[in-house]
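Order-wise, the sequence lines are chains A and B. Okay, so the first sequence: first residue is 6 according to the numbering used here, each after it adds one. Okay, so the second sequence: first residue is 6 according to the numbering used here, each after it adds one. Okay, so here's the structure we're looking at.
There are 2 protein chains.
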Amino acid sequence: MCPAGSTSNGKRRPQVSSWSVARLAGVSQSTVSRVFTPGASVSLAVREKVLAAADQLKYRPNALPAILQTGRSGLVAVVMGGFYNPVYAGILHGITAALKERRLEAVLVDAGSDENLGDRVDDLSRYRIDGAISVLAVGSAKVAARLDQLGIPVVAVNSRPFGTLRVVSTSNRTIGRDAADALVDRGCTQLAYLAGRDNPSQRERESGFSKRVVARGLPTPQRAVAGFTYEEGYAAMVQLLASGARPDGLFCVNDLVAIGALDAIRTVPGLRVPEDIQVIGCDDIPMAAWQQNRLTTFAQDMTLLGRQCVEMLGNDPPASSVSVPSTLVLRATTRTLLQTPQQMQSKAPAAQ
Amino acid sequence: MCPAGSTSNGKRRPQVSSWSVARLAGVSQSTVSRVFTPGASVSLAVREKVLAAADQLKYRPNALPAILQTGRSGLVAVVMGGFYNPVYAGILHGITAALKERRLEAVLVDAGSDENLGDRVDDLSRYRIDGAISVLAVGSAKVAARLDQLGIPVVAVNSRPFGTLRVVSTSNRTIGRDAADALVDRGCTQLAYLAGRDNPSQRERESGFSKRVVARGLPTPQRAVAGFTYEEGYAAMVQLLASGARPDGLFCVNDLVAIGALDAIRTVPGLRVPEDIQVIGCDDIPMAAWQQNRLTTFAQDMTLLGRQCVEMLGNDPPASSVSVPSTLVLRATTRTLLQTPQQMQSKAPAAQ
DNA sequence: TTGTAGGCGTTATCAA
DNA sequence: TTGATAACGCCTACAA
């Protein structure tokens with residue numbers, strides 16, 4: 006009726022089990038279990054007796070046997086590729102908030118690059134995690150195949166749709182197009198783009214931008230490869246300007262790069278933003294709003310993005326892909342819009 | 006000899022168990038277990054046979070029964086109070102890196118305020134977490150007492166040493182003193198301090214600063230309450246300047262506040278940094294190094310801080326408190342130091 | 001509504 | 001070095 010070790014066995018931290026509570030309350034162990042199972046049928050009298058006993062013993066249900074039994078752990082792996090960009094802080098916050106609502110817990114994995122992603126998530130499978138969310142884009146079919154084999158739902162942000170991978174994207178192509186329109190509408194004719202290292206969202210932002218610029222009858226934008234950090238944006242812009250290029254409209258892969266570019270522009274005497282060159286970033290990180298930057302950029306609701314990731318994780322049957330919208334936030338690095346005719350033209354279909 | 010469900014029972018995701026591996030390898034389940042237990046004695050022949058079988062079946066040890074048995078989960082709760090300040094990204098990175106080295110996993114808790122801290126960690130005790138690290142300072146004895154009762158080691162950053170709480174601190178008092186010395190050595194006579202909301206590290210930074218300023222024979226610094234964000238720093242400085250105050254040396258509770266203050270100062274025509282007012286921040290977040298700021302500040306090795314947290318968690322017997330050093334990083338918001346005599350005076354003992 | 005019994009997949013113990 | 005067996009603490013039948 007009552008297993009030996011359920012009281013305490015001296016060697017380990019003694020844990021109060023449902024058996025001890027049962028004994029104190031004068032009921033069976035199953036009854037205690039039912040009291041702690043939402044929606045189970047227990048008489049009020051018994052429930053109160055049990056809760057009183059549990060309270061007295063400071064009983065905390067142990068999730069592990071239940072996981073062992075049901076196969077569901079309530080644990081979700083959350084994979085990050087580093088935290089250097091404040092935009093990740095927003096996403097992480099969104100994910101943790103959404104997980105909390107569903108009573109799921111986040112096991113944080115700082116993977117660095119998506120090479121390690123497979124290994125790390127595989128590692129975590131020993132905890133029987135229910136799923137994984139990767140803020141780090143899954144870039145290779147090999148990694149995707151590895152994740153597939155785990156047999157758990159995997160959501161990845163801004164990845165290509167490999168296999169059963171579920172993808173939540175920011176509307177990168179639209180952002181690129183809107184950036185082009187915003188700059189062209191404001192009179193820019195010499196466009197330039199500061200690129201990140203190759204990944205799906207970078208590629209889409211760029212292609213959306215370039216194609217729309219060309220569709221608007223302007224030459225293909227100049228291009229410089231920066232990366233994703235302030236320093237890389239700064240260096241790339243210094244180099245671009247040193248090469249003699251004088252674009253009058255600049256779109257950057259993200260805000261950090263844009264802010265780096267702004268600072269580089271400021272080193273050139275007589276070159277003014279937005280009079281001589283207009284700049285648009287992407288993400289709307291807090292620093293974009295700082296007085297020293299007042300950067301025009303695309304805002305995306307990161308809390309929503311986090312929520313979408315968690316929701317997709319639970320979808321059954323699996324939805325394969327959703328994207329979150331973005332809004333152009335106009336600040337001081339672009340001029341005010343005057344021309345209405347071109348504004349209308351910006352509604353034209355993409356040169357796909 | 007071989008339990009029924011160990012192959013697959015149709016209802017759940019079928020998991021390969023040590024029993025299936027044992028059967029394929031022609032050994033007992035215990036032997037399989039030993040092969041996957043570091044340091045257990047198994048003959049080479051058997052080990053290879055088992056590993057081959059495990060490989061063939063893609064066996065992944067299930068951690069849950071082991072946890073049930075040993076009481077050790079390898080899970081550590083990591084409590085954050087939000088991610089708005091980039092310094093937290095650094096700390097989080099340090100913690101995850103150190104945990105990984107010890108083969109521990111981080112369960113991320115975004116607590117918002119330390120009120121929820123107790124509840125959330127208590128929640129996680131159902132996973133039999135081995136310990137908790139709170140980047141959020143534990144501010145009340147009540148929360149600390151709650152954590153005490155969990156019977157697991159808890160490390161908190163920059164908290165007061167309540168009960169069995171283990172504390173890792175940045176050297177806040179020293180930072181305050183060094184900031185005072187740095188400003189006074191550079192000729193400041195009218196000091197001001199932008200404070201955060203009350204918490205242990207804010208209090209120590211301020212008290213270290215104020216006392217040293219007074220010890221150096223100057224009047225008590227002016228004080229304005231900002232908070233911990235750029236916006237709050239900006240607003241507080243705008244107000245301070247509007248009140249007619251014209252300090253020539255400013256120390257801020259952190260870099261975000263300092264950068265906000267810098268931007269506020271820039272709104273006043275003719276007020277130059279560092280000629281008219283010198284500014285020092287704290288944390289050395291990436292933005293402090295940006296060209297637009299070039300903020301003099303105190304750098305702290307956040308990776309080290311993370312490592313310390315993890316190490317303290319494992320200390321037995323528990324060490325109660327350590328602190329990590331910081332270094333003054335001189336940039337463009339302070340003047341260059343000329344006077345040597347005062348430099349020597351800065352080595353004088355604190356007016357404690 | 002309540003209790004009994006079996007199983008989840010490991011580790012720990014002890015005997016062979 | 002290996003194997004058999006008993007926990008670990010819960011959930012899920014099924015019986016009362």
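Every residue gets a Cβ at the ideal spot worked out from N, C-alpha and C, and that includes glycine.
State the DSSP-derived secondary structure class of residue i, mapped to helix, strand or coil.
i                         : result
isoleucine 134 of chain A : coil
glutamate 236 of chain A  : helix
glycine 311 of chain A    : helix
lysine 352 of chain A     : Low confidence applies to lysine 352 of chain A: its pLDDT is 42, below 50, so where it sits in the model is not reliable, and the reading given next is rough at best. Coil.
alanine 111 of chain A    : strand
glutamine 61 of chain B   : helix
serine 23 of chain A      : helix
alanine 146 of chain A    : helix
tyrosine 89 of chain A    : coil
glutamine 34 of chain A   : helix
aspartate 288 of chain A  : strand
threonine 140 of chain B  : Residue 140 of chain B is actually valine in this sequence, not threonine. Of the three classes helix, strand and coil, the one that applies to valine 140 of chain B here is coil, per DSSP.
threonine 101 of chain B  : helix
valine 126 of chain B     : helix
alanine 200 of chain B    : strand
cysteine 7 of chain A     : Below a pLDDT of 50, predicted positions are generally treated as unreliable, and cysteine 7 of chain A, at 47, falls in that range; the measurement from the model is reported next regardless. Residue state, collapsed to three classes: coil.
alanine 247 of chain A    : helix
proline 346 of chain B    : Legend: pLDDT at proline 346 of chain B = 45, less than 50; position of this residue unreliable, value from coordinates given subsequently. Residue state, collapsed to three classes: helix.
valine 278 of chain B     : coil
alanine 241 of chain A    : helix
glutamine 154 of chain B  : helix
Alpha carbon to alpha carbon, how far is residue i from residue j?
i                         : j                            : result
serine 176 of chain B     : proline 330 of chain B       : 6 angstroms
glutamine 305 of chain A  : aspartate 183 of chain A     : 14 angstroms
glutamine 347 of chain B  : valine 189 of chain B        : Caution is warranted here: a pLDDT of 46 is assigned to glutamine 347 of chain B, below 50, making its placement in the model unreliable, and the coordinate value is therefore given only provisionally. Cα to Cα, the separation comes out at about 8 angstroms.
arginine 340 of chain B   : phenylalanine 303 of chain B : 16 angstroms
alanine 269 of chain A    : tyrosine 89 of chain A       : 20 angstroms
glutamine 61 of chain B   : glycine 87 of chain A        : 34 angstroms
proline 91 of chain A     : phenylalanine 233 of chain A : 11 angstroms
serine 46 of chain B      : serine 35 of chain B         : 12 angstroms
leucine 318 of chain B    : alanine 137 of chain B       : 8 angstroms
alanine 82 of chain A     : glycine 144 of chain A       : 18 angstroms
arginine 28 of chain A    : alanine 229 of chain B       : 59 angstroms
glycine 65 of chain B     : glycine 31 of chain A        : Looking at the sequence shown, residue 65 of chain B is not glycine but arginine. Answer to the nearest angstrom: the Cα atoms are 41 angstroms apart.
glutamate 209 of chain B  : glutamate 110 of chain A     : 35 angstroms
leucine 342 of chain A    : arginine 191 of chain A      : 6 angstroms
glycine 79 of chain A     : leucine 113 of chain A       : 14 angstroms
alanine 358 of chain B    : valine 21 of chain B         : This structure cannot settle anything about residue 358 of chain B, because the visible part of chain B is limited to 6 through 357.
cysteine 385 of chain A   : alanine 220 of chain A       : Residue 385 of chain A lies beyond the range of chain A shown here (6 to 357); nothing can be said about it.
aspartate 253 of chain B  : proline 226 of chain B       : 11 angstroms
isoleucine 180 of chain B : phenylalanine 214 of chain B : 8 angstroms
serine 13 of chain A      : serine 130 of chain B        : With a pLDDT of only 35 at serine 13 of chain A, under 50, the local geometry of the prediction cannot be trusted, and the value read off the model is given with reservation. Straight-line Cα distance between these residues: approximately 18 angstroms.
How far does the beta strand (DSSP E) with residue i in it reach, from first residue to last?
i                        : result
threonine 338 of chain B : No beta strand (DSSP E) holds threonine 338 of chain B; DSSP gives it neither H nor E.
glutamine 296 of chain B : Looking at the DSSP string, glutamine 296 of chain B is not in any beta strand (DSSP E), and its letter there is neither H nor E.
valine 284 of chain A    : 283-285
valine 162 of chain A    : 159-162
cysteine 257 of chain B  : 254-257
serine 328 of chain A    : 326-329
threonine 302 of chain A : 302-305
arginine 228 of chain B  : 227-230
So the alpha helix (DSSP H) residue i belongs to, where does it begin and stop?
i                       : result
leucine 188 of chain A  : 177-190
glycine 213 of chain B  : 205-220
threonine 75 of chain A : 68-75
valine 262 of chain A   : 260-271
Going by Cα to Cα distance, which pick from the options is closest to residue i?
i                            : options                                : result
glutamine 195 of chain B     : B/Ala220, B/Asp268, B/Arg251           : B/Arg251
proline 279 of chain B       : B/Asn298, B/Gly265, B/Asp288, B/Met292 : B/Asn298
threonine 308 of chain B     : B/Ala103, B/Pro91, B/Glu53, B/Ile285   : B/Ala103
serine 164 of chain A        : A/Ala27, A/Arg151, A/Ala146, A/Ala185  : A/Ala146
serine 174 of chain B        : B/Ala27, B/Leu199, B/Val140, B/Leu152  : B/Val140
leucine 170 of chain A       : A/Asn320, A/Val284, A/Gly181           : A/Asn320
glycine 117 of chain B       : B/Arg131, B/Val273, B/Met85, B/Asp186  : B/Met85
phenylalanine 256 of chain B : B/Trp295, B/Ser328, B/Cys314, B/Leu333 : B/Leu333
Following a CB-centred definition, is residue i positioned closer than 7 angstroms to any heavy atom of the ligand ATP?
i                    : result
valine 83 of chain A : This structure lacks the ligand ATP; in fact it carries no ligand of any kind.
Decide if the region 91-109 of chain A is in contact with the region 158-166 of chain B; the criterion is three or more beta carbon pairs, one per stretch, under 8 angstroms apart.
-> no
Validate contact between the region 23-39 of chain B and the region 100-118 of chain A using beta carbons, cut 8 angstroms, 3 pairs | no
Contact between the region 121-134 of chain A and the region 321-336 of chain A (3+ Cβ pairs under 8 angstroms) | no
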